[in-house]
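Heads up, the thing below is written out as C-alpha cells.
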Amino acid sequence: MKKCPKCKTLWTDEIKFCGKCGTKLEHAEIVTEEKKVPVKEKTETKQIVLPEKIITTRQKSSSRIKRIIAVVLIFAVLITGGQVVIHKVSNSINNPYVYLSNGKFYFVRNAEKNEPIEIPVGETEDYIKLSISLSPDEKYLYVLRNYDYENGTGDLYQCQYKKLKKNSSKNEKYCKLIATDIYPSYTPMNEGKVVYKSEDSTLYFYNGKEPKKLQKNVSQFFYTENEEKIAVECGSYSEGYTLYIVSLSNPEEKTEVISDYGRICLINDLNNIYYSEGIDMASRYISLAGIDREKRNLGVMCDGFYSLKDGIVYYQSENEEKYSVDDMITDSRGETETLQNIREELEYISEDGLKPIKVSKDGETYDVDDKAYSDWTHYYGNTLLYASLSDFKPIDLAEIQEDEDFIENVEEKIELEFLDAGLHLVSGDNEVVVTGDAARDLLTMIDNDENGMSIYINETDVIASSDEQVVAAKIDKGKVSQFELVSDMGYPITANKSAIYYATNQQKDGDIIYYDVYAYHNGKSKCIVPHASMNLVDIYEDGEILANTDCNDGLNLSLINSKGKEYLIGEDVSSYIKYEKNQIIYLSGHNLWMYKNGKTDYLASGVTWIWSLDTIEKPVQLGYADE
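Sequential numbering of the sequence shown, starting at 52, is according to the numbering used here.
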C-alpha cells in the first residue's frame, strides 16, 4: 500500500495519483500497517436507545425545507447500501456483500476475511442500484447487468451464489442468463422462479427451466404470497386499465377482476384489492374487489390519505344514520322561527358534513367514529385528524344575539364547540384527543399553512408543524390540552415507539446547511446529533448514529456511539453498509474500506457500488402502488 505524502490517505500500489488531493504517488511511502482513523469526541449527545431507524434526504431549497422521507429499517436512497436489522443467510456466510469493480461483480462470503469471488456474468458497462436481488428463499442471487438508461432495461442473470468457489473459472455452471432487455421491476420467487417484464411490456414467468408468456400490454404487476397466481394490470391511462388474476402455470386461465378504474391503491392478497373508481386520477372513491369477492364501493378516502400503509385503508362511508342540525343546535325558548331558519341555513352540515370514519383491513371493516365532521378530516404526516359530533354539546340559540351577523356567529359557536370537544388524532394503535387551546393552535396552523402541515404521534407524545414552526406536547391520559413551542425554525422527521424526531437550529457553513437533530420523548427534548447535514442522519436500534457532520470537502461519515462520542469513519463517502456494532463497510472515491473498532482496512479499488446480501430488499409480499 502507498501513503499519500500530503494527506496521508492509503492507496493500492497500482494507483499513481491520490484520489483525494491529487498528489503524485511515484515516491510515496510504502506501508503495511492498518490505517488509524482520526477520532473526534463530542459529549453533548446523550445515550438514547432507538428500536427503529430514521432516514433523511437533502433539502429542496433554502426557502422551503423539504420534508424528510422516513422509512423504518431501510437505508437512505442516495448513499446507503443496507439496513439495520441483520439476518444471516447461512451459518457459513457471515456479513456477505456484493460489489461492482471495473465492470465486474464480486461476491464476498465473509466480510471479516475479505475473499472476493467473481460472479461469472460478464462485464457490464452500466448499472443501477437495483442491479442485485435475492430470492425469498435466499437460494438465488439475481444480477441485472448492461443496464440501458435510454430504454430502462438490462440483462438478467441467476446465480447459485452459495456454491461459488474461490476458483472463479469453475463457477460458470452456477450462473445462467434468464432474459435480455427486461425492466428492473422483475420479481424473484422461490425455487428459482422469476416474473419479469420485457422491453415490449410483455410479462413472462420463468419456472426454473424456461420462460412462459403470461400477458401482453402490461403496465404493472403485483406479487403476493400466492405462488400460483399473480395480479396483472393491462392498459394505459388514456385507454383505461384492466386488472386480471393470471395463473402462472396456465396463462390461459385468466380472470378479469376490475376494469376502467383510476389506480390500484392496495393489494393485501388476491381477494382483497383496494382501488379508486374511474379513469379520473383525482377520484377519491375507494372500492374493494377480489377474485372471489363481489365489487363494492366503500366510500371516500380520507382527504390527504393517499399513501396506504400497513395494509389498511381509512375512508368515510355514507351516513348509515342521518344526523340533523338539531344534533348541533337547540333553542331553550322552544320551537321558534329562529330555530327553523337556522335549520335551513345549516342543513348542508347534516347532509354532507357528517360521515362515519371507518378502517378496512383484509376486507374487514371496523368503525373509527360514526359522527365525524368531514370538513376537518384530513391525513397529516403519520396521523389522521378529525372532529367528532360524539362529544359535541348543542348550541343554545337563545344565548346568541340576533343581528346581521347572526348566522356567522352561530357557525363560529359550532366551530368553537367542536374545538372544546376535541380534535381526534389517530395513528396505528395510538389515539389522542386534543382539546382547548391545543385544538385551537392546531386549527390555526392548518388554516395558515402554505407549505404542508404535518402531525406525528406515538404512545407518549404529539408533534405538529406548519411553516417551519414546531409544537409538541406530552399525552396525559389520552389527551393534550396545551402545546409548547420547541422550534420556530425546524420540521419533524418521523416518529417511532421511542420518540418523535425533529430538526432545528439551522446553521449555514458556506453553501452547506446544518441542523441539530432532537428526539422528543415524554414531554422532553434531547439533542441526539448536533450540527448534522440533513442528507444523512441514520439512527439504529443499538443506539448508534451515522451522520454527516462535515461535508465541506465531500460527505464525511461520522459514527456517534450510544455514549455520545463521535468518530470520523471516512471522508468523501458515497455509500456504506452497517453490520453489527462498530463494523461499517464504506466506499470512498472508488476505494472500498472496512471500519471496525476504531481501525480501517483497505478492501478493494475501482469500486462503483456495494450491496449487502443480508439486507437486500426482498420482494414485497404486500404489494401496493404508492403515489
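Ideal Cβ placement from N, Cα and C applies to all residues, glycine included.
Given a cut-off of 7 Å, decide if residue j and residue i are closer than it, judged by their beta-carbon atoms.
i	j	result
I596	I620	no
I408	D420	yes
A472	D498	no
Y150	V588	no
S505	S516	yes
I363	I380	no
S184	P262	no
Y646	I635	yes
I508	L474	no
Q271	E290	no
I451	N460	yes
S252	V269	yes
F256	L299	yes
L638	S625	yes
D382	L390	yes
A438	Y417	no
T428	C353	yes
P235	L192	no
Measuring alpha carbon to alpha carbon, tell me which of the options ends up nearest residue i.
i	options	result
I170	E176, K221, Y157	Y157
Y627	G640, G615, K616, E617	G640
K260	V246, S532, T253, F272	V246
Y292	G313, G203, D518	G313
S152	T416, I318, I168, S411	I168
K217	T204, Y200, K164	K164
K530	D512, Y542, Y191, A546	D512
K267	P302, E501, K559, K155	P302
L265	T306, Y225, P235, G243	T306
G37	A230, L317, E369	In the structure as shown, the chain begins at 52 and stops at 678. Residue 37 is therefore absent and cannot be evaluated.
K528	V484, Q557, I564	V484
L467	K155, T486, G350	T486
L440	G385, E453, V376, P581	V376
Quick one: residues in its chain with C-beta nearer than 8 Å to the C-beta of residue i, no 5 flanking neighbours on either side, listed in chain order?
i	result
V537	I514, V521, V522, A523, Y553, T555, Y569, Y571, S576
L321	T275, N277, K280, A282, I296, G341, I342
N202	D232, E250
S219	I168, E169, P171
D562	none
I137	With a pLDDT of 25 at I137, under the threshold of 50, the modelled position of that residue is not reliable, and the figure given next carries that caveat. Result list for I137: N146, Y630, E631, D665, T666, in chain order.
D488	S532, Q533, F534
Give every residue of the same chain whose Cβ lies closer than 6 Å to the Cβ of residue i, excluding the five residues on either side of it in the sequence, and list them in chain order.
i	result
G574	K525
K227	Q209
N348	S338
D177	Y198
W660	L151
E388	none
E166	none
E693	This structure does not reach residue 693, given that the chain is present from 52 up to 678, and the question cannot be answered.
R344	N322
V90	Low confidence applies to V90: its pLDDT is 29, below 50, so where it sits in the model is not reliable, and the reading given next is rough at best. If we look at V90 and ignore the five residues flanking it on each side, its Cβ neighbours are Y618.
Which residues does DSSP list as the beta-bridge partners of residue i?
i	result
L397	Partner(s): none; L397 has no beta bridge.
L476	L436, V483
Q367	V351, I408
Q266	L254
P187	Note: P187 sits in no beta bridge, so no partner.
T238	V246
E284	Q271, L294
R314	S327
Q520	S517
K525	D512
From the beta carbon of residue i, is the nearest beta carbon of chain C less than 7 Å away?
i	result
Y292	In the structure shown, chain C does not exist; there is a single protein chain.
Apart from the five residues on each side of it in sequence, which residues of its chain come closer than 7 Å, Cβ to Cβ, to residue i?
i	result
E510	N481, K548
K87	Note on K87: pLDDT 29, under 50, position unreliable in the model; no value is reported.
D492	V522, F534
G432	S505, I506, Y507, P543
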